[in-house]
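Step one of this worksheet: look at the structure below.
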């Protein structure tokens, strides 16, 4: 009888000790902002930073200092707002890490009409960093980009609706990607030791998201090769962040630029993406290589895919954001 009682007491003590351990020593899962992809969450603008002559960083507060956004690596969010009486919805990829608590950052480029031509067109559902497209910049869009102008007009403490996560690719870590061929199809697991990335203009944001996640894990052996195309050297978005990653992880991150109009002392490539750039700056074709692309549709259609074909990268090992 006594042994039975002692057993009950010991079992109770074990339960209490386990509870205390879980409460005080186990890693708590952070609160997630985007709990339901079908619900809009109003987030408050808390900071506007001038990064350069044509680039801004917008910071939005999450519901509490302990919240994370809850955006899987490789996914994007939608911003929506009533503008001139009409609902406007656009996809964007944050540049902040999903490990960051309390806030989320969007980078805004305030010019570069060629890329802007594809940013605010609903037919192209591409996750991009935001560009502010003002009235009168491009004759095809005399009123400018509605969402980008709206965001530029926001004042501190104004809110805008976020919704997500959304997207067809998720990076699970250590070279494992879940890729949906179509929106309603099941995800296919793809593994890669080398990830080749081609970005054009604001298409850099989903690439930076994945690169950051890979480099953050010292046990992730995946090597990233980034070919980043822009009009001029001044148009290169997030260059300091990319070069810092290259300095810290020279064996795991290879960075190369190409611009349409290069300065005299330019040490990288000049011109549109071609076969030589794909062959020299991206990993070779194979089952250990995955190619990711994000940029204006003409770049993908006329520069990326034809030259990937020439080099021998199979379509099954490519993904376009």
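Numbering (full-length UniProt numbering), first residue to last: 1 to 321. We treat Cβ as the ideally placed atom computed from N, Cα and C, and that holds for glycine. Just so we're clear, the structure is a prediction, and the values are computed from it rather than from any experiment.
Minimum C-alpha distance to residue i - residue among the options
i, options, result
"residue 63", "299, 272 and 104", "104"
"residue 71", "90, 295, 95 and 81", "95"
"residue 184", "200, 167, 171 and 173", "167"
"residue 161", "170, 150 and 272", "150"
"residue 40", "188, 153 and 89", "89"
"residue 73", "241, 277 and 174", "174"
"residue 272", "300, 245, 249 and 286", "300"
"residue 221", "228, 321, 209 and 176", "176"
"residue 223", "191, 203, 274 and 233", "191"
"residue 102", "262, 228, 32 and 179", "32"
"residue 69", "152, 204, 303 and 163", "163"
"residue 277", "248, 297, 262 and 304", "304"
"residue 230", "52, 245, 180 and 202", "202"
"residue 178", "83, 159 and 75", "75"
"residue 228", "244, 189 and 270", "270"
"residue 52", "279, 306, 240 and 262", "240"
"residue 232", "257, 250, 245 and 213", "257"
"residue 246", "212, 262 and 85", "212"
"residue 93", "250, 306, 169 and 279", "169"
"residue 158", "81, 189, 35 and 280", "81"
"residue 279", "250, 312, 91 and 293", "312"
"residue 97", "293, 85 and 214", "214"
"residue 152", "189, 28, 83 and 244", "83"
Residue i burial status per 10 Å Cβ neighbour count (16 or more: buried)
i, result
"residue 55", "buried"
"residue 330", "The structure shown does not extend to residue 330, since the chain is modelled only from 1 to 321, so the question has no answer here."
"residue 219", "exposed"
"residue 131", "For residue 131, the pLDDT reaches just 49, beneath the cut-off of 50, and the residue's location in the model is therefore unreliable, leaving the point undetermined."
"residue 216", "exposed"
"residue 322", "Within the shown structure, residues of the chain are numbered from 1 to 321, placing residue 322 beyond reach of any answer."
"residue 196", "buried"
"residue 156", "exposed"
"residue 319", "buried"
"residue 248", "exposed"
"residue 235", "buried"
"residue 109", "buried"
"residue 302", "exposed"
"residue 408", "This structure cannot speak to residue 408, because the chain is shown only from 1 to 321."
"residue 242", "buried"
"residue 50", "exposed"
"residue 298", "exposed"
"residue 250", "exposed"
"residue 91", "buried"
Check whether residue i and residue j have beta carbons under 8 angstroms apart
i, j, result
"residue 252", "residue 291", "no"
"residue 193", "residue 288", "yes"
"residue 343", "residue 165", "Residue 343 is absent from the structure shown; the chain starts at 1 and stops at 321."
"residue 282", "residue 225", "yes"
"residue 66", "residue 37", "no"
"residue 187", "residue 295", "no"
"residue 58", "residue 48", "yes"
"residue 45", "residue 154", "yes"
"residue 310", "residue 267", "no"
"residue 314", "residue 285", "yes"
Supposed contact pair residue j and residue i - C-beta distance, whole angstroms, cut 8 angstroms
i, j, result
"residue 79", "residue 147", "7 angstroms"
"residue 208", "residue 238", "6 angstroms"
"residue 210", "residue 171", "5 angstroms"
heavy atom of the ligand ATP below 7 angstroms from residue i C-beta
i, result
"residue 79", "For the structure depicted, the ligand ATP is absent and the ligand set is empty, with no information on it obtainable."
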